[in-house]
Amino acid sequence: MIFLPVGCEKDDICVDGDTPLLVIRFFDSTQPETPKAVDQLRVIGLGNGDPVPTFADRSSLDSIALPLRPGEAETAFVLIRDSQDEDGVETGNPDTLLLSYATREEFISRACGFIANYEELASQLQTDSENWIQSIEVDTTSVQNQDSRHVSIYH
Numbered sequence: 004m005i006f007l008p009v010g011c012e013k014d015d016i017c018v019d020g021d022t023p024l025l026v027i028r029f030f031d032s033t034q035p036e037t038p039k040a041v042d043q044l045r046v047i048g049l050g051n052g053d054p055v056p057t058f059a060d061r062s063s064l065d066s067i068a069l070p071l072r073p074g075e076a077e078t079a080f081v082l083i084r085d086s087q088d089e090d091g092v093e094t095g096n097p098d099t100l101l102l103s104y105a106t107r108e109e110f111i112s113r114a115c116g117f118i119a120n121y122e123e124l125a126s127q128l129q130t131d132s133e134n135w136i137q138s139i140e141v142d143t144t145s146v147q148n149q150d151s152r153h154v155s156i157y158h
C-alpha cells in the first residue's frame, strides 16, 4: 500500500517580523542642525552590563539604534563618551538615559508571530556634575519602524 500526500501547506517563512529599534541621532548643541559624532561611544543597557550589540562598540558615530525591552515600561542606557578600558576599568564620561514607553504588540503572521511597537515615548537624562549630553528631544513618540530618528541628543 502506498500513501501519497493529498495536500500541501504553505511554507512559513518570516520576512518582515522584527521589533523596531529606537533610532538616536547626535547633533552639535551649538549648531542644532549639524550632526555630530560621539567619540569612542559605548552604550550599556542598565540591568544588562554588556555593550549593546546593534553597533560597533567604542566607535565614533552620529547615529545609533538601540533595542527597547518589550516586556517593560522603561529601558535605561549608560552612554559613555570617550570610552576606554584601562586595566579592566571603564573610563570616559557616562551619562544615563531613561526611556519610558507603552508597548503595543502587533500580530504579523503565523510564521513571525508578534512584534512590539512602542508608543508614548518619553526620555529623561540623569543629571550629574559632568553631563556631556546637553539636551534630549523626542522627535516622535511612536516607534514602529527604523526609517527615521526617534530621539535627538545634543552635545
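Its first residue numbered 4, the sequence shown is counted upward by one per residue in the numbering used here.
Each residue gets a CB set at the ideal place from its N, CA and C atoms; glycine is no exception.
- For Asn120, the secondary structure class from DSSP, reduced to helix, strand or coil, is strand.
- For Pro97, the enclosing beta strand (DSSP E) starts and ends at Val92 to Ser112.
- Of the candidates Gly50, Arg84, Ile27 and Gln34, the residue whose Cα lies closest to the Cα of Ser66 is Ile27.
- Shown here, Gly48 sits in a strand according to DSSP, grouped into three states.
- A Cβ-Cβ separation of about 5 Å places Phe80 in contact with Val46 under the 8 Å criterion.
- For Asp88, the uninterrupted beta strand (DSSP E) run begins and ends at Glu77 to Glu89, by DSSP.
- Taking Glu77 as reference, the option from Gln87, Asp85, Thr99 and Asp60 with the minimal CA-CA separation is Thr99.
- Glu123 and Arg72 have their C-alpha atoms spaced approximately 14 Å apart.
- Its chain contains Ser155 as the residues whose beta carbon lies nearer than 6 Å to that of Glu140, once the 5 sequence neighbours on both sides are disregarded; these appear in chain order.
- Shortest Cα-Cα distance from Asp131 to any of Asp60, Thr37 and Asn96 involves Asn96.
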